[in-house]
Amino acid sequence: MKTLLKNCVTHRSVLNILIEDEKIAALEPVSDQKISSYDRMIDIGDALVIPAMIDPHVHVRDLELSYKEDWTSASKAALAGGIATIFDMPNTRPATVDRASLDLKRKAAEKSLVQYKFYLGATSKNIDILNEILKDEPEDIAGIKVFLAASNSNEIIKDRKYLKRIFELAGKFNKIVVVHAELQSCLDIWKVSDLKHNILNHNELRNRMSAIEGTKICIDAAYEIGNKMSLAHISTQEEIECISIFKNSDRIFCELTPHHLLLNSRILSKIGNIGKVNPPLRTAKDNEVLATAVRLGFVDYIGTDHAPHTLAEKLQDYESAPSGFPGLETALPVLLTAVREGTFGLEKMIEITSGRAAEIFELKNTGEIKVGNYADLAVIDRDVKYKIDPQNFLTKAKYSPFAAKEVTGKVLKTFVKGKMYECEKL
Numbered sequence: 521m522k523t524l525l526k527n528c529v530t531h532r533s534v535l536n537i538l539i540e541d542e543k544i545a546a547l548e549p550v551s552d553q554k555i556s557s558y559d560r561m562i563d564i565g566d567a568l569v570i571p572a573m574i575d576p577h578v579h580v581r582d583l584e585l586s587y588k589e590d591w592t593s594a595s596k597a598a599l600a601g602g603i604a605t606i607f608d609m610p611n612t613r614p615a616t617v618d619r620a621s622l623d624l625k626r627k628a629a630e631k632s633l634v635q636y637k638f639y640l641g642a643t644s645k646n647i648d649i650l651n652e653i654l655k656d657e658p659e660d661i662a663g664i665k666v667f668l669a670a671s672n673s674n675e676i677i678k679d680r681k682y683l684k685r686i687f688e689l690a691g692k693f694n695k696i697v698v699v700h701a702e703l704q705s706c707l708d709i710w711k712v713s714d715l716k717h718n719i720l721n722h723n724e725l726r727n728r729m730s731a732i733e734g735t736k737i738c739i740d741a742a743y744e745i746g747n748k749m750s751l752a753h754i755s756t757q758e759e760i761e762c763i764s765i766f767k768n769s770d771r772i773f774c775e776l777t778p779h780h781l782l783l784n785s786r787i788l789s790k791i792g793n794i795g796k797v798n799p800p801l802r803t804a805k806d807n808e809v810l811a812t813a814v815r816l817g818f819v820d821y822i823g824t825d826h827a828p829h830t831l832a833e834k835l836q837d838y839e840s841a842p843s844g845f846p847g848l849e850t851a852l853p854v855l856l857t858a859v860r861e862g863t864f865g866l867e868k869m870i871e872i873t874s875g876r877a878a879e880i881f882e883l884k885n886t887g888e889i890k891v892g893n894y895a896d897l898a899v900i901d902r903d904v905k906y907k908i909d910p911q912n913f914l915t916k917a918k919y920s921p922f923a924a925k926e927v928t929g930k931v932l933k934t935f936v937k938g939k940m941y942e943c944e945k946l
């Protein structure tokens, strides 16, 4: 099957794109009009066409948590957000920490409409189990996830020598370790403080020092061991300062979420526990520093940290409300709006939403519009303005800290290995 996409506005030129089966077979400037053999033609009509987003940080839930989200709803939400590839985190129920739980997740993921990989969760006792799984060289494993602090439901790695053993194991199999680097010992100090436990103090209760100290520990360990390591959802100026030293490293990376880039704790007085997330929304100053870090190339890739819960769960009191909120359907719209507002350029946005992640996680034939790559594409109306309405989400979690935000840029179609999904028909 050959499909010709005409009048595709990319970030560099206006092209006709020929898709043959799963891959991009030819590219030509629209003025050439030399591609004549195809089975169907779709006029993109001067819409923006970019590589579909790769999201290395998604909590799909499913299995015992399917009431929050499942692979069908999550993958539809991804498609609606212009995302063709997602990596699923291990802290679900059951946690993905051994072969049995991995096989359950593999079976559940067969429903997915997008491409996917899984993280294996590290615990204080499963390093030999991880070794047994990884020695089979499974292609569907993105890496190992480590938590240095509690976040909803997960096991914490406290022993630094054991942390280094995990890093060594990952290096042995050329797998990346992705770390939630808030340090539990720093958080424990505030559990017994006089600070009121409510959402307005979440940024203090889950203090920035926990993220800074955890980041330092992980960078030191990765530098010593020499394995690939990425810091998930960086949120503070100080983390950027630590990471900037290793800007040219091919071993140490960092992820930024749209909400840590664009939102801060000021919004919490309006949205309450809807905005509860770990690490917390920080300060306006942190927003500014993170935006500068994107422009300077200190941020490697965007992860949504899509973490759906039921609305009833989120509306509980502060202590009971789980952390996290959906992000698959809002990431590209808010980032495209940031581009329009001059926060960073379109080419940089494409780099941190697709190309860089493909490089870091060693994904073959994706992340760039070029001949021979999979036709993983997002087609976007660059000019349409609208307000984000969570009631229109395809995720089961129909709320968002970005609710009512006016954005410019809407995903119209998403291609996954050449298969087209029209967002309005999902």
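Throughout the sequence shown, residue numbering follows the numbering used here, covering 521 to 946 in sequence. For every residue, glycine included, the Cβ atom is placed at its ideal position computed from N, Cα and C. The structure displayed is predicted, hence computed values, not measured ones.
Residue 909 is not bridged by DSSP to any residue.
Here the alpha carbon of residue 828 sits roughly 16 Å from the alpha carbon of residue 800. About 7 Å separates the beta carbons of residue 590 and residue 581, which is inside the 8 Å limit, making them a contact pair.
For residue 861, no beta strand (DSSP E) segment is defined, and its DSSP state is neither H nor E. Residue 891 sits in coil when the DSSP states are folded into three classes, being neither helix nor strand.
Residues 544 of the same chain have their beta carbon placed closer than 7 Å to that of residue 890, with the five preceding and five following residues left out of the count.
Taking a contact to require three or more Cβ pairs closer than 8 Å, the region 596-603 and the region 834-849 qualify as touching.
Where residue 928 is concerned, the enclosing beta strand (DSSP E) starts and stops at 926-936. When the five nearest sequence neighbours on each side are left out, the beta carbons in the same chain lying within less than 6 Å of the beta carbon of residue 856 are those of 929, in order along the chain. Residue 575 is bridged by DSSP to 606. For residue 839, the closest C-alpha among the options 744, 716, 757 is that of 716. Excluding sequence positions up to five before and after residue 528, its CB lies within less than 6 Å of the CB of 535, 537, 564, 569, all in the same chain and listed in chain order. The criterion of a C-beta distance shorter than 8 Å is not satisfied by residue 663 and residue 682. Taking every protein chain shown into account, the CB of residue 946 has fewer than 16 other CB atoms within 10 angstroms, so this residue is exposed. Counting along the chain, no alpha helix (DSSP H) covers residue 694, and no H or E run does either. For residue 738, the uninterrupted alpha helix (DSSP H) segment begins and ends at 728-745.
Distance from the CA of residue 915 to the CA of residue 597, rounded to the nearest whole angstrom, comes to 5 Å.
Under a 10 Å Cβ-count criterion, residue 587 is classified as exposed, with fewer than 16 other Cβ atoms of the shown protein chains found around its own Cβ. With respect to residue 703, residue 746 sits apart: the two C-beta atoms are not nearer than 8 Å. Here residue 869 carries a helix assignment [DSSP, helix/strand/coil]. Where residue 812 is concerned, the enclosing alpha helix (DSSP H) starts and stops at 804-816. Take residue 875, set aside five residues on each side of it, and the residues of its chain with a beta-carbon closer than 8 Å to its own are 571, 887, 888, in chain order.
Inter-residue distance for residue 912 and residue 765 is about 42 Å (C-alpha atoms, whole angstroms). Spatial neighbours of residue 540 in its own chain (CB-CB distance under 7 Å, excluding positions within 5 residues in sequence) are listed in chain order as 522. One thing to note: residue 802 has its Cβ no nearer than 8 Å to the Cβ of residue 864. Secondary structure note for residue 791: its alpha helix (DSSP H) is the uninterrupted segment 788-791.
Spanning the alpha carbons of residue 826 and residue 607 requires a straight line of approximately 11 Å.
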